[in-house]
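Chemist: Which chain is which? The protein sequence lines are F and S, in order. The opening position of the first sequence corresponds to residue 1 in our numbering, with each subsequent residue numbered one higher. The opening position of the second sequence corresponds to residue 1001 in our numbering, with each subsequent residue numbered one higher. Below is a structure I'd like to ask you about.
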Amino acid sequence: MTVFTCDSNIESIFTCIYDAWVWALQYGHENLRLEREPILQNSLFDTYVHVEPDREKAEKVARSIRNKISFQAYIHIFYGCLYAEDVLDSMYQYLRIGFRVGKNIEHMLTEPAVMRMMEVRRKVGNEIHYFREFVRFQCIDEKVLVSHIEPKNNVLYEVARHFSDRMPSEYWILVDDRRKIAVVHEPKEEMYIQQLEEEQYKKLRQTEKVQDEFTELWKIFFDTIGIKERENRTCQRNLFPIWMRKHVTEFMEGKIDE
Amino acid sequence: MSIQDKLKILADAAKYDVACTSSGVDRKGKEGFLGNAESCGICHSFASDGRCVSLLKILMTNHCIYDCKYCCNRVSKDTPRATFTPEEICELVVSFYKRNYIEGLFLSSGVVKNPAYTMEKMCETLALLRYKYRFNGYIHVKSIPGAPEELLATAGYLADRISINMELCQKESLEKLAPNKSVKTIMEPMKMVSDTIAVHRLAIGKDARMERSQGNQYLPQSIFFQSEKDKIASVDKKLLINMLPQEKKRNALNSSVVDKFLPLGGTYPAKNRAFAPAGQSTQMIVGATPETDYHLLQTTQELYRRFDLKRVFYSAYIPINEDKDLPDIGTAPPLLREHRLYQADWLLRFYGFHAQELLSEERPNFNEKLDPKCDWAVRHLEEFPVEVQTASYDKILRIPGVGPKSARRIMQARRYGKLDFSALKKMGVVLKRAHYFITCNGKMMYHTPIEETYITHQLEDTGRKENWQIQHENTVRQMSLFTDFHLQQS
């Protein structure tokens, strides 16, 4: 079996799908597999082919998914690229069915690959929504808003899109602490994604310590609004799991470790 | 008084209000303004009682001339009082919103001087927020019973949702517990708001009635279902002529309240503002008076049908005042009962059930051990088992453990292949409840008899832990060395 491997960015993934497809036209879809790098343990009898990103090929793949299957299918595949685990092979199987049957594919849940992609889409979609809820900005010098998140999946940009609609005329930065990338937004400018250098990251890390009048007011409000007679910590934990509270103002106490 | 103290007092006074939803309206952000609105609604946090915190829920003031016996702000209660100025509220909203703490404002108030004065002050705050602070996020405003119609209209054009609390659904209870309010001062504004919303919706080419969950269009027995003939009949033509929305809106938005702020933020697109686009809601107290669940649910259904309310909320009564007409202080709030009512409310809005199917004069209260849908199913075993491969949408939706989403997935997926139990599970069907009621390709999951007592016992067992938690979560807990014996964590 031949294994096509690639980096985890969207351009590489789409190029990998393209190259694998070309190869399959000659040798058959059954004889290949796709995997995301890094490959931790190579198997003994497979041939590994590394694919380098190629903008033109990637765009072709994206275009044909949108035109020949549907926009919904494109979102499934796109969210698959953002997903923390490797679902490349399911994506490929999904596309094989998709190019055969067209836009009805999203309803064919009895197919394992389609079911898998639906789950992936739901998980990534849910995480995007969680961060729309639980992102907290700190206000620096009454001008710039900075927020830190640590998403499991690579959803930073999707989360930022929500805020670019919501706060088009503010300066804000959204930082992914886990991947050390940031989205920077300025009024009247296109927002952009940036890989952070160690120095920049350290500096940005400090912002979470910033407290002002409103962080205090918010904590007062949050503590007051719960009804003592109805206290239900289990319910609170179910709806707002503890691992998500790390960067959330109302649950932060005292200092933040470096 | 510092702003911290004020916030503490006025948030504390507002916390018993239930509605904290920010759903029902989709609005894009705009250059130069702050905020947008998402129709799904966004919760921003969850308080210690597990309720969502979506809006900055505060009272404008907790001074009140009324003496409603169940209320924490009644005039005869000795409690610290405070008042926010409109600017203070706006500052709070905008700063909280920018930090993504909240989705918008929920503004209610005690009654100062008279209802008209209070409502005018509230409108002033909203106008300031919209025009000067250019806030484009969600606003939920509570209407004061007895406020004049013009001010109610002004509030409706500035806010996204407007609500009038019904509190008690029986006339006698209301007279006894809220001597200053009357059924008239509650129902008339409710009617006026619902008519204005309908007319406004027609004027912009929408259906007169609010959008409901999409599945309802496939449920001819649903309480929201309307034939084409009903749709036309439901609009009172005379009303339409009298209430031409443009005319009405001009009057409402030219009132002295808004005029004050127009020069400040001149460009706020007042012309495009819809009237309460997220509809109207209300809330009812559960457990303070002898009303039965049947009574409450019937009222709910009527409110949805007659006034096209978007939501009806229930609030388990927490005794805060000592009074001979009310439960004693220390009585546990009826949380499980409240939970059952919400479950039934969902059955009305999403599942095509009617109040009369779930309860009756003879059985006026919900079963504590079983949720209303399971309870209905075990009493109607003649409808089961349902074959998921061929049954219609409304039949599938009535299976316990199947919701609108999984029902839709079943309908779509079965056109392309045979379903099996593991596929059903992945589609979101809760098999531990559903498997007693379904067959998949002619087979049940296990060999279980379709027999009322057997299934009832099984289901009661499945739900026991959940029910117990809802009722006792805060009264019983495990002992802890740290909190009970004050050991310090080193």
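Don't be surprised by glycine CBs; every beta carbon is placed ideally from N, CA and C. Note that the structure is predicted; figures quoted are calculated from it, not measured.
Between residue 1004 (chain S) and chain F, is the shortest Cβ-Cβ distance under 7 Å, so that the two count as touching?
Modeler: Residue mapping note: residue 1004 (chain S) aligns to position 4 of the second sequence, counting from 1. Interface residue, yes.
Chemist: For the candidate residues S:1335, S:1286, S:1197 and S:1303, whose alpha-carbon lies nearest to that of residue 232 (chain F)?
Modeler: For the purposes of this step, residue 232 (chain F) is taken as residue 232 along the first sequence, with counting starting at 1. Looking at the Cα atoms, S:1335 is the closest of the given residues.
Chemist: My guess is that residue 1099 (chain S) and residue 145 (chain F) are in contact by the Cβ rule of under 8 Å, so how many angstroms apart are they, rounded?
Modeler: What you label residue 1099 (chain S) is simply residue 99 of the second sequence in a count that begins at 1. What you label residue 145 (chain F) is simply residue 145 of the first sequence in a count that begins at 1. Right, their Cβ atoms sit about 7 Å apart.
Chemist: Where DSSP assigns a beta bridge to residue 135 (chain F), which residues make up the other side?
Modeler: The residue labelled residue 135 (chain F) in the question sits at position 135 within the first sequence. Answer by DSSP bridge pairing: none, since residue 135 (chain F) is not bridged.
Chemist: For residue 11 (chain F), does the count of other Cβ atoms within 10 angstroms reach 16, so buried, or fall short, so exposed?
Modeler: Residue 11 (chain F) sits at position 11 when you count from the first residue of the first sequence. Buried.
Chemist: Tell me, please, whether the CB atom of residue 1268 (chain S) is closer than 7 Å to any CB atom in chain F?
Modeler: For this step, residue 1268 (chain S) is matched to residue 268 along the second sequence. With a pLDDT of 44 at residue 1268 (chain S), under the threshold of 50, the modelled position of this residue cannot be trusted, and the question is left open.
Chemist: Cα-Cα, which of S:1217, S:1442 and S:1072 is closest to residue 1061 (chain S)?
Modeler: Translated into positions along the second sequence, residue 1061 (chain S) becomes position 61. Closest by alpha carbon: S:1072.
Chemist: State yes or no: is the beta carbon of residue 225 (chain F) nearer than 7 Å to at least one beta carbon in chain S?
Modeler: Numbered from 1 along the first sequence, position 225 holds the residue referred to as residue 225 (chain F). So, interface residue.
Chemist: Of all Cβ atoms in chain S, is any one closer than 7 Å to the Cβ of residue 110 (chain F)?
Modeler: Counted from its first residue, the first sequence places residue 110 (chain F) at position 110. So yes, residue 110 (chain F) belongs to the interface.
Chemist: With residue 1029 (chain S) and residue 1134 (chain S) assumed to form a contact (beta carbons below 8 Å), what rounded beta-carbon distance in angstroms separates them?
Modeler: Within the second sequence, residue 1029 (chain S) is the residue found at index 29, counting from 1. Within the second sequence, residue 1134 (chain S) is the residue found at index 134, counting from 1. 11 Å between Cβ atoms; not a contact.
Chemist: Residues in the region 1183 to 1209 of chain S with C-beta within 8 Å of chain F's C-beta atoms, listed in sequence order?
Modeler: Within the region 1183 to 1209 of chain S, no residue has a Cβ that lies closer than 8 Å to any Cβ of chain F.
Chemist: Can you tell me whether residue 1267 (chain S) is helix, strand or coil according to DSSP?
Modeler: For this step, residue 1267 (chain S) is matched to residue 267 along the second sequence. A caution first: residue 1267 (chain S) carries a pLDDT of 42, below 50, which makes its placement in the model unreliable, though a value can still be read off. Residue state, collapsed to three classes: coil.
Chemist: According to the Cβ coordinates, are residue 1162 (chain S) and residue 1182 (chain S) closer than 7 Å?
Modeler: On the second sequence, residue 1162 (chain S) is found 162 positions in, with the first residue counted as 1. On the second sequence, residue 1182 (chain S) is found 182 positions in, with the first residue counted as 1. Not a contact, by the Cβ cut-off of 7 Å.
Chemist: By Cβ distance, which residues of its chain are closer than 7 Å to residue 1264 (chain S), with the 5 residues on each side in sequence left out?
Modeler: One-based indexing of the second sequence puts residue 1264 (chain S) at position 264. The pLDDT assigned to residue 1264 (chain S) is 44, lower than 50, so where the model puts this residue is not dependable; a value taken from the coordinates is nonetheless given after this. Here the set comprises 1131 and 1132.
Chemist: Report all residues from its chain with a CB closer than 8 Å to the CB of residue 1291 (chain S); omit the five preceding and five following residues, and keep chain order.
Modeler: One-based indexing of the second sequence puts residue 1291 (chain S) at position 291. Contacts found: 1168, 1169, 1170 and 1173.
Chemist: According to the Cβ coordinates, are residue 1287 (chain S) and residue 1314 (chain S) closer than 7 Å?
Modeler: For this step, residue 1287 (chain S) is matched to residue 287 along the second sequence. For this step, residue 1314 (chain S) is matched to residue 314 along the second sequence. The answer is no: Cβ separation not under 7 Å.
Chemist: Which whole-angstrom value describes the C-beta separation of residue 1340 (chain S) and residue 1366 (chain S), a residue pair presumed to lie in contact below a C-beta threshold of 8 Å?
Modeler: Within the second sequence, numbered from 1, the residue matching residue 1340 (chain S) stands at position 340. Within the second sequence, numbered from 1, the residue matching residue 1366 (chain S) stands at position 366. That pair is a contact at about 4 Å.
Chemist: Measure the C-alpha to C-alpha separation of residue 1126 (chain S) and residue 1095 (chain S) and round it to an integer number of angstroms.
Modeler: Taking the second sequence and counting its residues from 1, the one referred to as residue 1126 (chain S) is at position 126. Taking the second sequence and counting its residues from 1, the one referred to as residue 1095 (chain S) is at position 95. In a straight line, the C-alpha of residue 1126 (chain S) is about 16 Å away from that of residue 1095 (chain S).
Chemist: Using DSSP with H/G/I as helix, E/B as strand and the rest coil, what is residue 1320 (chain S)?
Modeler: In the second sequence, counting from the first residue as 1, residue 1320 (chain S) sits at position 320. Three-state result, residue 1320 (chain S): coil.
Chemist: Check each residue of the region 1416 to 1433 of chain S: if its Cβ is closer than 9 Å to any Cβ of chain F, include it; give the result in chain order.
Modeler: Going along the region 1416 to 1433 of chain S in chain order, one finds 1416, 1417, 1418, 1419, 1420, 1423, 1426 and 1427 with a Cβ nearer than 9 Å to chain F.
Chemist: Excluding the five sequence neighbours on either side, which residues of its own chain have a C-beta within less than 7 Å of the C-beta of residue 1386 (chain S), listed in chain order?
Modeler: Locating residue 1386 (chain S) in the second sequence gives position 386, counting from the first residue. Excluding residues within five positions, the ones whose Cβ falls inside 7 Å are 1395, 1396, 1399, 1437 and 1438.
Chemist: Given a limit of 7 Å on CB to CB distance, which residues of the region 1034 to 1046 of chain S reach chain F?
Modeler: So the list reads 1034, 1035, 1036, 1042, 1043, 1044, 1045 and 1046, given in the order they occur along the chain.
Chemist: Hey, could you find the ends of the beta strand (DSSP E) residue 322 (chain F) is sitting in?
Modeler: Outside the modelled stretch of chain F, which goes from 1 to 258, sits residue 322 (chain F), for which no answer is possible.
Chemist: When you compare the CB of residue 81 (chain F) with every CB in chain S, is at least one pair closer than 7 Å?
Modeler: Counting from 1 along the first sequence, the entry for residue 81 (chain F) is found at position 81. Judged by the 7 Å Cβ criterion, residue 81 (chain F) is not in contact with chain S.
Chemist: Can you name the residues that DSSP bridges to residue 1162 (chain S)?
Modeler: Residue numbering aside, residue 1162 (chain S) sits at position 162 when the second sequence is read from its first letter. Per DSSP, S:1141 and S:1280.
Chemist: If you reduce the DSSP assignment to three classes, tell me which class residue 1095 (chain S) lands in.
Modeler: Walking along the second sequence from the start, residue 1095 (chain S) turns up at place 95. Looking at residue 1095 (chain S) - three-state DSSP - the assignment turns out to be helix.
Chemist: Find the residues of chain S that neighbour residue 132 (chain F), judging by a C-beta separation of less than 7 Å, and give them in chain order.
Modeler: Within the first sequence, numbered from 1, the residue matching residue 132 (chain F) stands at position 132. Ordered by position in chain S, the residues that pass the 7 Å Cβ test against residue 132 (chain F) are 1042.
Chemist: Could you give the first and the last residue of the continuous alpha helix (DSSP H) run that contains residue 1472 (chain S)?
Modeler: Position 472 of the second sequence holds residue 1472 (chain S). 1452 to 1472 is the extent of the alpha helix (DSSP H) around residue 1472 (chain S).
Chemist: For residue 184 (chain F) and chain S, any beta-carbon pair shorter than 7 Å?
Modeler: Here residue 184 (chain F) is taken as the residue at index 184 of the first sequence, counted from 1. No, no contact with chain S.
Chemist: Buried or exposed: where does residue 151 (chain F) fall if 16 or more other Cβ atoms within 10 Å of its Cβ makes it buried?
Modeler: Counted from its first residue, the first sequence places residue 151 (chain F) at position 151. Per the 10 Å Cβ criterion, buried.
Chemist: Once you ignore the five residues that flank residue 81 (chain F) on each side, which residues in its own chain have a CB closer than 7 Å to its CB?
Modeler: As a working note, residue 81 (chain F) is residue 81 in the first sequence. For residue 81 (chain F), where only same-chain residues beyond five positions count, the Cβ hits under 7 Å are 10 and 13.
Chemist: What distance in whole Å lies between the Cβ atoms of residue 1440 (chain S) and residue 1388 (chain S), which are believed to be in contact at a cut-off of 8 Å?
Modeler: Residue numbering aside, residue 1388 (chain S) sits at position 388 when the second sequence is read from its first letter. Residue numbering aside, residue 1440 (chain S) sits at position 440 when the second sequence is read from its first letter. That pair is a contact at about 5 Å.
Chemist: Report the CB separation of residue 185 (chain F) from residue 171 (chain F) in whole angstroms; it is logged as a contact under 8 Å.
Modeler: As a first step, residue 185 (chain F) must be located in the first sequence, where it is residue number 185. As a first step, residue 171 (chain F) must be located in the first sequence, where it is residue number 171. Sure, about 7 Å apart at Cβ, within 8 Å.
Chemist: Can you look up residue 9 (chain F) in the DSSP assignment and give me helix, strand or coil?
Modeler: For this step, residue 9 (chain F) is matched to residue 9 along the first sequence. Reduced to three states, the DSSP call for residue 9 (chain F) is coil.
Chemist: Candidates S:1078, S:1044, S:1047 and S:1189: which alpha carbon is nearest residue 1322 (chain S)'s?
Modeler: The residue you call residue 1322 (chain S) lines up with position 322 of the second sequence. Comparing Cα-Cα distances from residue 1322 (chain S) to each of S:1078, S:1044, S:1047 and S:1189, the minimum goes to S:1078.
Chemist: How big is the Cα-Cα spacing for residue 1015 (chain S) and residue 140 (chain F)?
Modeler: Against the second sequence, residue 1015 (chain S) aligns to sequence position 15. Against the first sequence, residue 140 (chain F) aligns to sequence position 140. In a straight line, the C-alpha of residue 1015 (chain S) is about 31 Å away from that of residue 140 (chain F).
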